[in-house]
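Scroll down for the structure; my scribbles are underneath it.
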Amino acid sequence: MDMTFKTPEGRFNYRVCAVIIHEGKLLAMRDRPTSHYYLPGGRVHLHESANDAILREIHEELGIEAKIVRPLWFCENFFALDDGGERYHELSLYYLIDASEAKFLFEHETFTLMEENEIHLFEWLPFEKLRDTYFYPLFLKKEIFHLPEHLTMITERKI
């Protein structure tokens with residue numbers, strides 16, 4: 005069971021995200037219905053550790069085994085969907101991930117992969133172009149240049 009629930013005031017999510025970096029670029033993804041980029045990852049399951057969740061999500065979305073280097077950020081995010089719809093209160097844990105064993109990831113600037121019935125579009129986004137890219141979370145556009153050595157708390161409020 006995913007750690008998400010809906011209330012009359014909005015939705016709560018507990019999510020993990022993979023920060024995968026290669027040659028000054030960040031691996032981002034988007035799906036057909038959305039126009040913005042975001043990081044690979046997903047919701048933590050009830051009674052699942054965040055470490056297990058990020059490795060599971062990477063395997064589900066990218067089809068690879070990866071290694072956790074370290075947690076980077078814990079972000080409390082308040083936002084609404086682009087269409088002015090549902091409001092979210094989301095807790096996300098961002099991990100620096102070593103995916104160097106998965107050589108196919110680095111062969112193309114863009115690629116697509118299937119997860120169940122969903123097509124994920126992946127792209128290597130240069131750090132310096134993130135500021136001009138429709139990308140969430142917003143804090144990462146600046147913080148990607150200075151990865152913390154220790155877990156750092158971030159609060160981002162868009163609503």
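In my numbering, the protein residues as written are 5 to 163.
Yeah, the Cβ is synthetic: ideal placement off N, Cα and C, and Gly gets one too.
Straight across, the Cα-Cα distance linking Glu64 with Leu100 is about 17 Å. In this structure Glu160 is not in contact with Phe139, their Cβ atoms being roughly 13 Å apart against a cut-off of 8 Å. Annotation for Asn121: no residue places its beta carbon closer than 7 Å to its own, counting only its chain and skipping 5 residues before and after. For Asn55, the uninterrupted alpha helix (DSSP H) run begins and ends at 54 to 66, by DSSP. Cys79 is positioned such that its CB atom lies no closer than 7 Å to that of Gly45.
Inter-segment contact for the segment 124 to 136 and the segment 46 to 59 is absent: fewer than three beta-carbon pairs are separated by less than 8 Å. The shortest CA-to-CA distance from Phe83 to any of Thr156, Asn17, Tyr98 is the one to Asn17.
With respect to the 7 Å criterion, Trp77 and Ile158 are classified as neighbours on the basis of their beta carbons.
For the options Ala106, Phe9, Glu94, Lys133, the alpha carbon positioned closest to that of Lys71 is the one of Ala106.
By DSSP's assignment, Asp6 forms a beta bridge with His49. A direct Cα-to-Cα measurement between Thr116 and Leu30 gives close to 16 Å.
One Cα belongs to Glu119, the other to Leu66, and the distance between them is close to 8 Å. In the three-state DSSP reduction, Leu117 falls in the strand class (E or B).
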